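> Submitted below is the structure of interest, expressed as structure tokens.
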Amino acid sequence: MKKLLLLTPFLFASVFACTENVTLKRDVISFEVSFVTPPTCGLEAADACAFSLAENAFTARVRIRALNENMEVAASFYNSIVVTTVPSGMFVSGDDVHLLPDNRKVLVLAMNAGVWEGDITFRGSFGTLRLMVEDMGYEPASNAANAACASLYPAQGCYAPDDDNPLPGTGAVGVSELLHFDNPRLADIQRPWDESLVTSGSRDKEASPLSGFRVTIDGDPYLGTAACAPGESRLVVTAISVAGFNISDVCDPAFPDYAHLYVYNFSTPEETSRGDCILAIQGAIDEFQGYTEMKNPLWEVDRCETGDAFCTVGEPKCTAFLPDPVEITATTLGNQLAMEKLESALVEVRNVTSSTEFLRCDANGDGVIDYAIPEEKNCKYDCGDEIGCVVKEDYDIYFTWTVDVGGVEVGVVTQGIVPFDPEAEGNLGLPIYRVRGMLKQLDFGAPEWIILPRDARDVCLTQADCE
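Numbering that gives the first Met the number 0 applies: residue 0 is where the sequence shown begins, and numbers increase by one.
Dropping the structure here:
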């Protein structure tokens with residue numbers, strides 16, 4: 000121990016004796032990002048640009064200057080720079096637009112004597128954003144397979160696999176003035192990029208254009224006028240579930256098409272009820288098995304205040320505007336685009352027949368369906384193709400049974416909501432007058448579309464039960 004104590008000071012002395020502070024000199028320390036001519040909109044909140052997904056939604060003439068430590072143009076700088084829109088907006092695909100491994104699209108521009116000037120176009124912008132310029136040392140190779148970083152990524156200095164420069168950039172950054180855009184409506188979130196590509200099994204074609212973004216949706220306060228004013232957004236809570244709630248914009252010009260969204264809250268929302276109006280809601284847009292959701296939400300309810308003659312304090316303010324259900328027929332179910340437009344909407348089917356069989360396909364009795372066993376796999380697929388047949392093992396997990404809608408199936412989940420046992424012998428093949436609820440899509444399922452009743456009143460075995 001004594002020897003250790005004796006040597007320790009010498010050890011520290013030797014370490015500190017080898018330490019040297021080095022200041023790295025950088026030719027570029029920042030970027031100046033300016034608009035050559037003022038954009039036609041967006042520089043002020045009162046003059047916000049409209050939300051748009053059109054390819055030419057927003058274009059601005061931009062000048063970018065690389066600045067040295069004296070805040071002068073670094074004329075020796077000829078490297079490429081990375082331009083992004085933060086936190087929203089998307090560049091339209093082109094020669095200078097590159098898709099990064101994290102699925103972001105960035106604009107890569109070559110500086111000329113420390114300056115770049117040209118038009119920058121982007122779309123899908125909402126809220127406030129800035130153009131951000133960075134020197135990351137990213138030099139995309141013309142042939143990604145031969146890029147210097149092809150086998151090195153994600154090593155330090157390699158910005159992407161197609162980076163032909165394994166050295167890091169200066170790290171210099173610059174941002175533009177703030178730009179203001181309107182927030183999207185529900186229909187902007189739900190409408191796919193290209194409706195003509197939406198067909199059965201077209202999972203990637205049905206995704207929200209804003210998937211991956213954290214979005215704010217604005218609702219206008221209800222002030223007692225029932226008619227929708229031009230441009231008004233009236234976000235009505237149409238259902239509450241154990242893990243979230245549904246909303247519909249009953250004033251959207253597209254209604255009922257696309258004007259609905261499921262908000263996944265991970266638990267039953269507090270102090271929010273069916274019939275409430277929402278003033279604003281923010282969350283991350285995500286796709287779950289083909290089903291568009293908003294996750295990790297924050298929202299504000301439009302409350303009735305003392306003195307409001309058109310509502311009652313303590314009760315939902317917009318119950319009168321709960322939308323009527325959209326009836327789904329066999330024809331509707333056979334049209335993938337028509338169904339996509341109604342995702343998360345209140346729908347109903349009438350004069351249907353319940354499941355006729357709950358078939359066990361677990362041949363070896365281990366409790367699961369083994370797709371490596373042909374007998375079990377074929378049993379599951381054959382049952383899924385047969386109207387009225389439900390795979391028992393799947394039902395025990397998902398509680399989804401089916402109803403026959405004119406020769407086409409739709410799933411129903413009533414577990415814990417409606418006192419109806421679809422497996423009971425007397426309920427097999429039972430005529431049902433009406434099933435109503437929220438429409439959900441699970442593109443791996445058979446059937447793909449599922450109705451989620453909100454309460455016992457949504458299912459009527461006979462017409463008299465509905466009265």
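Glycine residues also receive a C-beta, built at the ideal position from the N, C-alpha and C atoms. The model shown is predicted, which means the values in this text are computed figures rather than measured ones.
1) So, is residue 454 buried or exposed, given that buried needs 16 or more other C-beta atoms within 10 angstroms?
2) Pull up the CB-CB distance for residue 41 and residue 74, whole angstroms please, since I reckon it's below 8 Å.
3) Under a Cβ-count criterion, where at least 16 other Cβ atoms within 10 Å of its own Cβ denotes burial, should residue 162 be classed as buried or exposed?
4) I'd like to confirm the pairing. Which residues does DSSP put opposite residue 370 in its beta bridges?
5) Between residue 281 and residue 236, is the Cβ-Cβ spacing less than 8 Å?
6) Quick one: using the 10 Å Cβ neighbour count with 16 as the cut-off for buried, is residue 222 buried or exposed?
7) When you compare the CB positions of residue 84 and residue 124, do they come within less than 8 Å of one another, or not?
8) Could you tell me the distance, in whole angstroms, from the CA atom of residue 206 to the CA atom of residue 291?
9) Since residue 188 is in the alpha helix (DSSP H), which residue starts that stretch and which ends it?
10) Taking all protein chains shown into account, decide if residue 155 is buried (16 or more other Cβ within 10 angstroms of its Cβ) or exposed.
11) Tell me the residue span of the beta strand (DSSP E) that contains residue 276.
12) To the nearest angstrom, how far is it from the Cα of residue 365 to the Cα of residue 420?
13) Look up residue 330 in the DSSP assignment and say whether it is helix, strand or coil.
14) Quick check on this structure: which residue in 67, 72, 111 has the alpha carbon closest to the alpha carbon of residue 80?
15) Taking the C-alpha atoms as reference points, what is the distance between residue 272 and residue 98?
16) Look up residue 109 in the DSSP assignment and give the residues it is bridged to.
17) So residue 249 packs on residue 320, CB below 8 Å; how close in whole Å?
18) Kindly indicate which three-state DSSP category residue 464 falls into: helix, strand or coil?
19) Once DSSP output is grouped into helix, strand and coil, what is the label at residue 467?
20) For the alpha helix (DSSP H) that contains residue 335, what are its first and last residues?
21) Report the rounded CA-to-CA distance for residue 401 versus residue 289, giving the unit in angstroms.
22) If I follow the unbroken alpha helix (DSSP H) through residue 294, where does it start and stop?
23) With DSSP run on the structure shown, which of helix, strand or coil describes residue 376?
24) Check whether the Cβ atoms of residue 152 and residue 137 sit closer than 8 Å, and answer yes or no.
25) Is the separation between the beta-carbon of residue 324 and that of residue 345 shorter than 8 Å?
26) Please return the same chain residues whose Cβ sits closer than 6 Å to the Cβ of residue 186, not counting the five positions on each side in sequence.
27) Find the nearest neighbour of residue 247 within the set 94, 260, 102, 50, judged by alpha-carbon distance.
28) Distance, Cα to Cα, residue 370 vs residue 264?
29) Measuring alpha carbon to alpha carbon, tell me which residue in 131, 391, 335 is nearest residue 191.
30) Tell me which residues share the same chain as residue 117 and place their Cβ nearer than 8 Å to its Cβ, disregarding the 5 neighbours each side in the sequence.
31) Can you find the residues in the same chain that come closer than 6 Å, C-beta to C-beta, to residue 115, ignoring five residues on each side of it along the sequence?
32) Kindly confirm or deny that the segment 384 to 404 and the segment 305 to 313 touch, where touching means at least three C-beta pairs closer than 8 Å.
33) Who does residue 90 pair with in a DSSP beta bridge?
34) Does the Cβ-Cβ distance between residue 351 and residue 404 come in under 8 Å?
35) If you measure between the beta carbons of residue 372 and residue 408, is that distance less than 8 Å?
36) Label residue 57 either buried or exposed according to how many other C-beta atoms from any shown protein chain fall within 10 Å of its C-beta, with 16 as the threshold for buried.
Put simply:
1) exposed
2) Residue 41 to residue 74, Cβ: 31 Å. No contact.
3) buried
4) Paired residues: none, contrary to the question.
5) no
6) exposed
7) yes
8) 7 Å
9) 185 to 189
10) exposed
11) 276 to 287
12) 25 Å
13) helix
14) 111
15) 42 Å
16) 79
17) 5 Å
18) helix
19) This structure gives no information on residue 467, because the portion of the chain shown stretches from 0 to 466.
20) 335 to 340
21) 20 Å
22) First-last for residue 294: 290 to 301, but that is the beta strand (DSSP E), not the alpha helix (DSSP H).
23) helix
24) no
25) yes
26) 251, 253, 257, 258
27) 260
28) 34 Å
29) 335
30) 60, 61, 108
31) 63, 108
32) no
33) 121
34) yes
35) no
36) buried
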